[in-house]
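Peer 1: Sending over a structure as structure tokens; questions will come in a sec.
Number of protein chains: 2
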Amino acid sequence: MAAGVRQAPLRIGVAGLGTVGAGLLRLLRDQAGMLEVRCGRELRVVGVSARSKSKDRGVDLSSFEWFDAPEALAASPHIDVFVELIGGEGGAAKASVEAALAAGKHVVTANKALIAHHGASLAAKAEGRGLALNFEAAVAGAIPIVKALRESLSGNTLTRVYGIMNGTTNYILSRMTHEGGDFSAILADAQAIGYAEADPAFDVGGHDAAHKLAILTTLAFGTQISLDSIYIEGIEAITAADIGAADDLGYRIKLLAAAVRTESGIEQRVHPAMVPKTAAIAQVDGVTNCVAVDADHAGGVMLAGPGAGAQATASSVVSDLADIARGLILPPFAVPVAQLKPYQRAQMREHEGGYYIRLSVYDRPGAFAAIATRMAAEGISLESIVQRRTRALGASPDGAGAPTPVIIITHRTMEAAIRRALDAIERDGHVDRPPQMIRIEKL
Amino acid sequence: MAAGVRQAPLRIGVAGLGTVGAGLLRLLRDQAGMLEVRCGRELRVVGVSARSKSKDRGVDLSSFEWFDAPEALAASPHIDVFVELIGGEGGAAKASVEAALAAGKHVVTANKALIAHHGASLAAKAEGRGLALNFEAAVAGAIPIVKALRESLSGNTLTRVYGIMNGTTNYILSRMTHEGGDFSAILADAQAIGYAEADPAFDVGGHDAAHKLAILTTLAFGTQISLDSIYIEGIEAITAADIGAADDLGYRIKLLAAAVRTESGIEQRVHPAMVPKTAAIAQVDGVTNCVAVDADHAGGVMLAGPGAGAQATASSVVSDLADIARGLILPPFAVPVAQLKPYQRAQMREHEGGYYIRLSVYDRPGAFAAIATRMAAEGISLESIVQRRTRALGASPDGAGAPTPVIIITHRTMEAAIRRALDAIERDGHVDRPPQMIRIEKL
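Residue numbers (the working numbering), protein chains in the order written: chain A, 116 to 558; chain B, 116 to 558.
Listed below in structure tokens is the structure:
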């Protein structure tokens with residue numbers, strides 16, 4: 116914008132005044148002067164909506180117009196942008212965003228479920244009217260990955276987008292790694308200090324990360340959103356024995372979310388993965404998130420930062436508002452929705468990579484040979500096979516026939532072969548429980 | 116942009132057809148269809164300029180108008196954007212960029228020296244006419260740090276921007292760390308394979324990183340560019356003994372470029388620094404660069420990727436072109452030049468932090484006590500002090516009185532105190548060479 120041209124304020128309506136919404140109001144109040152200089156115009160909140168008008172949120176609401184119904188705020192003639200911080204896949208969030216777009220208002224949302232489920236139809240509505248539908252805050256908190264994919268990497272064809280996209284699971288795995296200890300005890304502790312929900316299934320089961328991945332896949336590859344075709348495994352089955360074995364082998368275990376372009380389509384997957392200790396992603400600990408891409412020109416680019424939190428999320432909402440204030444209105448998924456390509460799913464059984472396998476094997480003649488034979492029959496080539504006793508598994512050191520852990524690392528192979536071999540090994544009766552299998556991610 | 120509105124092509128002139136320029140022409144040719152979809156209009160190269168028209172660059176130039184003089188291309192009525200890839204602080208680069216702005220053309224440049232020295236005056240010219248002056252490629256190659264600072268972090272007040280901003284030095288330090296070996300031998304090898312220039316002083320002396328830091332400081336803090344006030348130390352004095360001692364102590368040595376807001380002003384510095392092995396920045400190896408910020412709302416955000424190379428640089432040039440194609444024209448330094456605040460320099464002697472000190476001490480009675488007394492006299496509190504013999508220093512294990520290395524780690528202290536103590540220790544005559552001092556960066 117040319118210097119000296121004074122633009123009208125951008126008038127903002129905020130629906131949802133939880134910690135993020137209240138944090139946003141404080142940020143916009145405290146940084147008002149700086150934002151006006153940077154955007155060339157004022158970012159002015161004019162209306163708000165929430166369930167309770169009287170609740171103390173530590174921020175003065177008296178100068179804002181109050182709306183009991185978010186849909187009414189969304190359609191108010193006094194706003195230019197509607198900020199949706201209500202949450203939830205449908206309900207008031209979806210209804211009010213639709214109302215805002217129908218009324219010709221730009222939309223900013225931090226709602227990953229809304230975008231992962233309804234992003235395409237909402238984007239089509241926005242594009243049809245030349246409106247913004249911005250959702251930087253919906254993916255990986257403060258990390259500016261949506262803008263990086265939508266704008267900075269425009270000249271690149273991507274082959275992979277991946278990262279650590281859930282803070283709760285990364286916090287639990289980090290503590291399991293650095294303190295030892297079992298999943299369930301550390302989960303309970305995480306719940307006690309507020310890093311995990313009372314019902315942790317959405318996070319620890321990998322579903323939260325999957326929602327973010329679905330959005331990033333579309334931005335990275337220009338394909339239609341396909342949340343339902345993501346292969347999902349959580350971290351519930353990761354044990355102290357796996358963490359210890361990974362450490363011995365030079366790896367860390369992370370809940371990885373990855374979308375990869377393969378010959379048979381796009382693989383979208385969320386699962387625990389072994390990453391080399393020496394990779395930067397291995398050092399991304401606690402509630403920090405990271406997202407990395409493999410791009411044909413830019414190469415390997417990684418972004419890391421807080422994946423959640425009121426302030427970090429508010430920072431990304433403001434980034435989206437600043438874009439609108441500056442007149443940057445882009446197709447929400449980088450290319451017009453009508454030009455998104457059909458999503459072709461690559462099946463996990465066709466996934467190729469190295470595997471870590473931990474077996475609990477009865478210590479008796481022939482067991483070891485039977486296992487090796489089953490692997491060989493599937494053409495699986497082994498990088499290493501180690502029989503070890505660990506306290507963590509509680510094996511009795513001198514009880515003949517008692518189960519003892521065997522750790523196998525395979526060379527690159529197809530997942531279908533691994534699954535067949537492990538099924539056969541289990542059927543053979545040499546193991547006292549189902550095999551543990553963790554994929555090794557090549558970085 | 117609204118769907119269905121067909122915009123005119125963005126007409127591009129490229130001056131300088133070295134590896135980056137030729138790479139840019141190939142990228143724009145190969146990704147033309149995708150870029151047109153993503154930008155809503157064609158990115159069309161119409162004119163080029165270079166020293167030699169006949170040189171084979173592996174790309175067909177016949178469809179472009181040829182200009183012997185970059186200034187003539189810059190002023191051509193056939194272009195909308197002038198891309199400056201000539202290089203150099205002044206000369207043809209500066210003259211042609213000025214010619215382009217005077218003729219009302221947007222400018223994209225990969226030239227860090229031009230921006231670090233003349234960025235303010237060029238930005239003022241651009242702003243006055245509502246033109247873009249984009250330089251994502253001038254700082255840290257493919258890493259989208261300029262857009263992150265200019266746009267994504269708009270709602271944040273920053274307290275520090277720092278990172279690894281030079282690939283040559285990071286390559287040398289990484290090899291010293293992982294292979295052992297001395298600086299000079301690895302530098303010679305880096306020169307042989309093209310990772311270091313024949314005259315390496317600009318890189319290994321820290322000056323290349325300083326140019327990038329000067330630009331980032333202005334983007335991060337909104338202060339006037341001040342290249343001349345950067346404190347600069349190169350990596351020439353780092354020895355295998357330091358690398359080994361760092362490893363033992365849980366650190367890696369990196370050439371750090373950092374700008375920090377302090378009570379007495381802004382500290383800009385480029386110097387070798389100890390960073391914890393467990394920090395993500397410690398894993399940024401080889402020619403990879405990274406830039407991190409400490410922001411009040413977004414928290415700690417880090418970006419990493421290729422810091423140089425024709426393809427990575429071309430990727431960032433295209434990002435800048437895409438912004439212009441989409442109509443995003445921002446003040447080059449995020450705020451108008453007239454609103455940049457005066458740069459107030461914080462002196463290095465007021466720098467506070469921990470220090471690593473390696474002394475080569477004559478092994479005789481009283482030496483150790485004299486050193487400890489000098490540190491105490493300056494109020495310096497020691498975290499650890501270790502006397503050790505290493506082969507790397509060539510101390511004779513049983514030669515009485517022969518020098519032996521002493522490693523000291525201090526608690527947080529002021530640099531002036533450290534310098535006075537080390538001067539006194541040297542004057543006392545207990546050391547056989549000047550002390551080595553490396554700052555420890557708190558992350």
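Cβ atoms here follow ideal geometry from the backbone N, Cα and C, with glycine treated the same way.
Treat the numbers as computed from the prediction; the structure is a model and nothing was measured.
I'd like the list of long-range same chain contacts for residue 391 of chain B, defined as Cβ closer than 7 Å, with 5 residues on each side in sequence excluded.
Peer 2: Closer than 7 Å at the Cβ level, and outside the excluded window around residue 391 of chain B, lie 365, 366, 397 and 558.
Peer 1: Against chain A, which members of the segment 287 to 317 of chain B pass a CB distance test of less than 8 Å?
Peer 2: Listed in sequence order: no entries.
Peer 1: Whose CA, out of B:478, B:227 and B:440, lies closest to the CA of residue 246 of chain B?
Peer 2: Of the listed residues, the one whose Cα sits closest to residue 246 of chain B is B:440.
Peer 1: Just curious, the alpha helix (DSSP H) that residue 431 of chain A is in, first and last residue?
Peer 2: That run of the alpha helix (DSSP H) goes 425 to 440.
Peer 1: Can you round the beta-carbon distance between residue 164 of chain B and residue 188 of chain B to whole angstroms, since I take them to be within the 8 Å contact cut?
Peer 2: With 8 Å as the limit, residue 164 of chain B and residue 188 of chain B qualify as a contact, their Cβ atoms being about 4 Å apart.
Peer 1: With a CB to CB cut of under 6 Å and the five nearest residues on each side skipped, what residues in its chain are close to residue 329 of chain A?
Peer 2: Cβ neighbours of residue 329 of chain A beyond the five flanking positions: 231, 340 and 342.
Peer 1: Going by C-alpha to C-alpha distance, which of B:536, B:524, B:471 and B:485 sits closest to residue 494 of chain B?
Peer 2: Here the closest residue by C-alpha is B:536.
Peer 1: Taking the Cβ atom as the reference point for each residue, do residue 210 of chain A and residue 202 of chain A lie within a distance shorter than 8 Å?
Peer 2: No.
Peer 1: In its own chain, which residues sit with a C-beta less than 7 Å from the C-beta of residue 405 of chain A, not counting the 5 before and 5 after it?
Peer 2: Cβ within range, chain order: 278, 279, 396, 399, 417, 418 and 419.
Peer 1: Going by Cα to Cα distance, which pick from A:150, A:146 and A:156 is closest to residue 122 of chain A?
Peer 2: The shortest C-alpha separation from residue 122 of chain A is found at A:156.
Peer 1: For residue 322 of chain B and residue 352 of chain B, I'd like the C-alpha separation in whole angstroms.
Peer 2: If you take the alpha carbons of residue 322 of chain B and residue 352 of chain B, they lie about 15 Å apart.
Peer 1: Roughly how many whole angstroms lie between the Cα atoms of residue 243 of chain B and residue 430 of chain A?
Peer 2: Their backbone Cα atoms lie some 30 Å apart in a straight line.
Peer 1: DSSP has residue 387 of chain A in a bridge; who is on the other side?
Peer 2: Note: residue 387 of chain A sits in a beta bridge opposite A:370.
Peer 1: DSSP has residue 183 of chain B in a bridge; who is on the other side?
Peer 2: Note: residue 183 of chain B sits in no beta bridge, so no partner.
Peer 1: Kindly give me the distance between the Cβ atoms of residue 199 of chain B and residue 222 of chain B, rounded to whole angstroms, as I take these residues to be in contact under 8 Å.
Peer 2: About 6 Å; that satisfies the 8 Å criterion.
Peer 1: Span of the alpha helix (DSSP H) holding residue 199 of chain B?
Peer 2: Taken as a continuous stretch (DSSP letters only), residue 199 of chain B belongs to no alpha helix (DSSP H), being part of the beta strand (DSSP E) at 196 to 199.
Peer 1: DSSP beta-bridge partners for residue 277 of chain A?
Peer 2: A:373 and A:407, per the DSSP bridge assignment.
Peer 1: Whole-angstrom Cβ separation of residue 449 of chain B and residue 380 of chain B, contact assumed at under 8 Å?
Peer 2: The Cβ separation is near 20 Å, so there is no contact.
Peer 1: Would residue 259 of chain B be called buried (16 or more neighbouring beta carbons within 10 Å of its own) or exposed?
Peer 2: When all chains shown are included, residue 259 of chain B counts as buried.
Peer 1: Cβ closer than 7 Å: which chain B residues qualify as neighbours of residue 267 of chain A?
Peer 2: In chain order: 259, 262 and 434.
Peer 1: Closest to residue 355 of chain A by C-alpha separation, out of A:344, A:347 and A:368, would be which residue?
Peer 2: It is A:368.
Peer 1: Can you confirm whether residue 142 of chain A, when its beta carbon is compared against all beta carbons of chain B, has any partner nearer than 8 Å?
Peer 2: Output row for residue 142 of chain A: interface = yes.
Peer 1: Spatial neighbours of residue 513 of chain A within its chain, please: C-beta separation below 8 Å, excluding the five flanking residues on both sides.
Peer 2: With a pLDDT of 49 at residue 513 of chain A, under the threshold of 50, the predicted position of this residue should be treated as unreliable, though the coordinate-derived value follows. So the list is empty, once near-sequence residues are dropped.
Peer 1: Residue 267 of chain B: which of B:413, B:131 and B:256 sits nearest, CA to CA?
Peer 2: Minimum Cα distance to residue 267 of chain B is reached at B:413.
Peer 1: How close, in whole Å, do the beta carbons of residue 150 of chain A and residue 437 of chain A come, if the pair is a contact with beta carbons under 8 Å?
Peer 2: Rounded, the Cβ-Cβ distance is 7 Å, consistent with contact.
Peer 1: If I measure Cβ to Cβ from residue 401 of chain B and keep anything under 8 Å in the same chain, skipping five residues before and after, which residues do I get?
Peer 2: Excluding residues within five positions, the ones whose Cβ falls inside 8 Å are 282, 285, 286 and 289.
Peer 1: Let me know the secondary structure DSSP gives residue 344 of chain A once reduced to three states.
Peer 2: The answer is helix: DSSP assigns residue 344 of chain A an H, G or I state.
Peer 1: Under a CB-based cut-off of 8 Å, is residue 223 of chain A close to chain B?
Peer 2: For residue 223 of chain A, the answer is no, since every Cβ of chain B falls outside 8 Å of its Cβ.
Peer 1: Please check the pair residue 359 of chain A and residue 319 of chain A, which I expect to be a contact at CB under 8 Å, by giving their CB distance rounded to whole angstroms.
Peer 2: Their Cβ separation, rounded to whole angstroms, is 20 Å, which puts residue 359 of chain A and residue 319 of chain A out of contact at 8 Å.
Peer 1: Using DSSP bridges, identify the partner residues of residue 559 of chain B.
Peer 2: Within the shown structure, residues of chain B are numbered from 116 to 558, placing residue 559 of chain B beyond reach of any answer.
Peer 1: Along the segment 375 to 395 of chain B, where does the CB come closer than 8 Å to a CB of chain A? Name the residues.
Peer 2: Here the close residues are 393, 394 and 395.
Peer 1: Applying the 10 Å Cβ sphere with the 16-neighbour rule, what's the burial state of residue 227 of chain A?
Peer 2: With 16 or more Cβ atoms within 10 Å of its Cβ, residue 227 of chain A is classed as buried.
Peer 1: Could you work out which residue in A:463, A:332, A:485 and A:435 is closest to residue 409 of chain A when comparing CA atoms only?
Peer 2: Nearest of A:463, A:332, A:485 and A:435 to residue 409 of chain A, Cα basis: A:332.
Peer 1: Which of the three DSSP states, helix, strand or coil, is assigned to residue 247 of chain A?
Peer 2: Of the three classes helix, strand and coil, the one that applies to residue 247 of chain A here is coil, per DSSP.
Peer 1: Interface residues of chain B around residue 271 of chain A at Cβ under 7 Å?
Peer 2: Within chain B, the residues near residue 271 of chain A are 430.
Peer 1: Residues of chain A with CB under 7 Å from residue 280 of chain B, in chain order?
Peer 2: Within chain A, no residue comes near residue 280 of chain B; the closest Cβ sits about 15 Å away, beyond 7 Å.
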